[in-house]
């Protein structure tokens, strides 16, 4: 079996969820869903040995082969790492949701369907080698996350957060699609591997930088980088299992994956290095500073996620410097980025789950109402403490090791002497240190204000108690991994990090064994990152203790100057502007809509004809025009004018009949008696029907149309007629393939066994077409009969009532 099909296993399982939810009430639906991510996780673990050996696996499912578009599952160190995070943490999230979501009160069928769709979308994003299929899965993540965030759709904030996330991420996705199209034009392929292999031929292309910027817009919006981060805090209105999944291991990591995947292609550009590193650091600083301002537990974690995503993004940008320098010190950054990505996934997943537990067992997430829960919820406190200390970058937790590598990378970038880094590079470690101070503060703020201090039972909606064991299993597993990573970092590095680094930097490494980076908790007293850690802990402790004295500084910024206010203004202006535009062209008149369509068709067609030099006029193969043809054409045109200018219905009907009979005369002149007979019959029946309904037709009235409106209608009608004539003449004048009429002449008797070419075409060659036309007429006839009977029944009922 092609393992590319495993990408679609979750979405296939989603079809069975409603049935299971409806038929099996005694068992929580999540137990059935748990099998999907768990089985996928176990299966993909088997690929660790392959990627550790520097090998890859490829599986392809053809989609649109004529356009070179297919579903290609490409497993290397980078895609495998993300796949294991998606399935592994996905399994823990499903297990957590079983105890978090009440099967009797929640619409679990909807929840798990959305979750499984999202899982397929994420697997498709990280495994796709084809940029078009990657974009398809990318937008599917936006749609499915919209459904997950808005799961509690009766809440205004849930709907608002869902819409906000989709608007921003879909905008970025469309920009990214533009970048993909430009790349495919430059490289002549949709394959990411082939584009990277031919990167040397793309660098000097005029579209290279534009494609780079467009793809980064997609990555920045999805990974909540400044200034697009504003959707992520509002997405916290989703159920906690959704927050734990989307914002620790999946959706927000998609942008990081995209940057990592395209680093080998774009790292040579100065624009790439500056944008990825600079925006990442700015996001890190902004998110860490504003996390301290929040009072909702999930809001604190949301801004901390923004901060941590910025940290990883800056490391990916700093790692691009290795393509411009042989100094091995610059190779630490990509390793640090991947290592911290793993650390962040495990400690942030556990913290989100603890926030959900606190909300579930106390009835609130407001940190101002919480406190003293350590003795009541000791297990939850232990998990929260481990996750928070890892987020703060303290030993003995995994986050300490990756934070040290981060500081080391920011210090190293000062010595890079290209792209003006020698001048501005000194700011990087300074910004990193300040952001780390605030990271220390919000980490302690989260755990201390929630679990320590004075108990506030009177402020809580319900009596607090420890969560049930089932709800604690997932966060405890993740917290255990946080500790384990600290003590076995090089094992994690060998299995997961180094193969991913080789996938990101194939020009620098040929094999995971070439990545000679060993992680250690101690580098000696001479290590500058150690002193940066000591000083940030000292300063962070002082600021945390004195937080009440300086936290009011956040109130200085008025709301109308915030990015959220800017987004709201844009949405309001867009809505009002679109409403005005809609009211302008949505007149409710069919004539107006026909004018729009005709003008568009005429403009596009005539412009294409002349701009592309497609109009040709060749009269050599045309038959001579006889005097009968000229007379018939004169009658036809005169009859059309009579229809338009007729003052009575009877005159219009007679003139319309003359138009039809004139066309029949043309068929006779051009020796097509069958068509002429058909036309005469149809026209006779049509005129007869009009005359039968003559008494029921309304009188012709002058609707008060101005001369300008009539002139406009005349111009549109004339333009359509001229355009059709030009297209017909051009098509006749340049025939690129032989006419099919020759085929009909040669086969109508021998193959179809008929003597009348028109009848054979209608019955044999175009039999299905004729059958469908008959079906349409039959349906129309049934509709007419139904309407007549309905009217007859209404009359009978009216007479009975009288």
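Residue numbers (UniProt numbering): 1 to 802.
Cβ atoms here follow ideal geometry from the backbone N, Cα and C, with glycine treated the same way.
All values reported here derive from a predicted model rather than from experimental measurement.
Would residue i pass as a contact of residue j if the rule is Cβ separation under 8 Å?
{"i": "residue 433", "j": "residue 532", "result": "yes"}
{"i": "residue 107", "j": "residue 28", "result": "no"}
{"i": "residue 337", "j": "residue 233", "result": "no"}
{"i": "residue 465", "j": "residue 100", "result": "no"}
{"i": "residue 390", "j": "residue 482", "result": "yes"}
{"i": "residue 440", "j": "residue 289", "result": "no"}
{"i": "residue 474", "j": "residue 151", "result": "no"}
{"i": "residue 692", "j": "residue 662", "result": "no"}
{"i": "residue 317", "j": "residue 273", "result": "yes"}
{"i": "residue 369", "j": "residue 554", "result": "no"}
{"i": "residue 504", "j": "residue 189", "result": "no"}
{"i": "residue 489", "j": "residue 498", "result": "no"}
{"i": "residue 208", "j": "residue 202", "result": "yes"}
{"i": "residue 416", "j": "residue 321", "result": "yes"}
{"i": "residue 344", "j": "residue 315", "result": "no"}
{"i": "residue 449", "j": "residue 342", "result": "no"}
{"i": "residue 351", "j": "residue 301", "result": "yes"}
{"i": "residue 77", "j": "residue 502", "result": "yes"}
{"i": "residue 56", "j": "residue 74", "result": "yes"}
Let me know the secondary structure DSSP gives residue i once reduced to three states.
{"i": "residue 490", "result": "helix"}
{"i": "residue 625", "result": "coil"}
{"i": "residue 42", "result": "helix"}
{"i": "residue 397", "result": "coil"}
{"i": "residue 620", "result": "coil"}
{"i": "residue 329", "result": "helix"}
{"i": "residue 411", "result": "helix"}
{"i": "residue 71", "result": "strand"}
{"i": "residue 1", "result": "Because the pLDDT at residue 1 is just 49, under 50, the model does not fix this residue reliably, and the value given afterwards should be weighed accordingly. In the structure shown, residue 1 sits in coil (DSSP, three-state: anything other than H, G, I, E or B)."}
{"i": "residue 420", "result": "coil"}
{"i": "residue 104", "result": "coil"}
{"i": "residue 350", "result": "helix"}
{"i": "residue 790", "result": "helix"}
{"i": "residue 142", "result": "helix"}
{"i": "residue 562", "result": "coil"}
{"i": "residue 128", "result": "strand"}
{"i": "residue 525", "result": "coil"}
{"i": "residue 152", "result": "coil"}
{"i": "residue 119", "result": "helix"}
Assuming residue i and residue j are in contact, meaning their beta carbons sit under 8 Å apart, how far apart are those beta carbons, in whole angstroms?
{"i": "residue 875", "j": "residue 309", "result": "The displayed coordinates of the chain run from 1 to 802. Any statement about residue 875 would go beyond what the structure contains."}
{"i": "residue 180", "j": "residue 131", "result": "4 Å"}
{"i": "residue 652", "j": "residue 643", "result": "5 Å"}
{"i": "residue 332", "j": "residue 517", "result": "6 Å"}
{"i": "residue 117", "j": "residue 24", "result": "About 21 Å; that fails the 8 Å criterion."}
{"i": "residue 400", "j": "residue 413", "result": "In fact, because the Cβ distance is near 21 Å, the residues do not count as touching under 8 Å."}
{"i": "residue 8", "j": "residue 120", "result": "6 Å"}
{"i": "residue 540", "j": "residue 462", "result": "So it is not a contact: roughly 34 Å between Cβ atoms."}
{"i": "residue 521", "j": "residue 395", "result": "6 Å"}
{"i": "residue 222", "j": "residue 254", "result": "5 Å"}
{"i": "residue 426", "j": "residue 281", "result": "13 Å between Cβ atoms; not a contact."}
{"i": "residue 679", "j": "residue 690", "result": "That belief does not hold up - the Cβ atoms of residue 679 and residue 690 are roughly 16 Å apart, past 8 Å."}
With residue i as the anchor, note down where its beta strand (DSSP E) starts and where it stops.
{"i": "residue 688", "result": "That residue, residue 688, is in no beta strand (DSSP E); its alpha helix (DSSP H) goes 673 to 692."}
{"i": "residue 63", "result": "57 to 64"}
Please list the terminal residues of the continuous alpha helix (DSSP H) segment that includes residue i.
{"i": "residue 13", "result": "9 to 14"}
{"i": "residue 156", "result": "156 to 187"}
{"i": "residue 803", "result": "Because the chain here runs from 1 to 802, residue 803 falls outside it and cannot be looked at."}
{"i": "residue 191", "result": "Taken as a continuous stretch (DSSP letters only), residue 191 belongs to no alpha helix (DSSP H), as it is neither H nor E."}
{"i": "residue 23", "result": "17 to 23"}
{"i": "residue 731", "result": "707 to 733"}
{"i": "residue 504", "result": "498 to 504"}
{"i": "residue 759", "result": "757 to 760"}
{"i": "residue 747", "result": "741 to 747"}
{"i": "residue 654", "result": "649 to 669"}
Check whether the Cβ of residue i lies closer than 8 Å to any Cβ atom in chain D.
{"i": "residue 473", "result": "Given the protein chain composition of this structure (a single chain), no chain D is represented."}
For the ligand FAD, is there a heavy atom less than 7 Å away from the beta-carbon of residue i?
{"i": "residue 577", "result": "In the structure shown, the ligand FAD is absent, as is every other ligand, since no ligand is present at all."}
Which whole runs of the alpha helix (DSSP H) in the segment 352 to 394 are 4 residues long or more, in chain order?
378 to 392
Identify every run of the alpha helix (DSSP H) within the segment 196 to 257, keeping only runs that are complete inside it and at least 4 residues long; order them along the chain.
Complete alpha helix (DSSP H) runs here, min 4: 199 to 202, 208 to 222, 231 to 234, 240 to 246.
List, from N- to C-terminal side, the alpha helix (DSSP H) runs of 4 residues or more that fit wholly inside the segment 284 to 343.
297 to 319
Considering only residues of the segment 426 to 477, which uninterrupted beta strand (DSSP E) runs meet the minimum length of 3 residues and lie entirely inside it, listed in chain order?
Complete beta strand (DSSP E) runs here, min 3: none at all.
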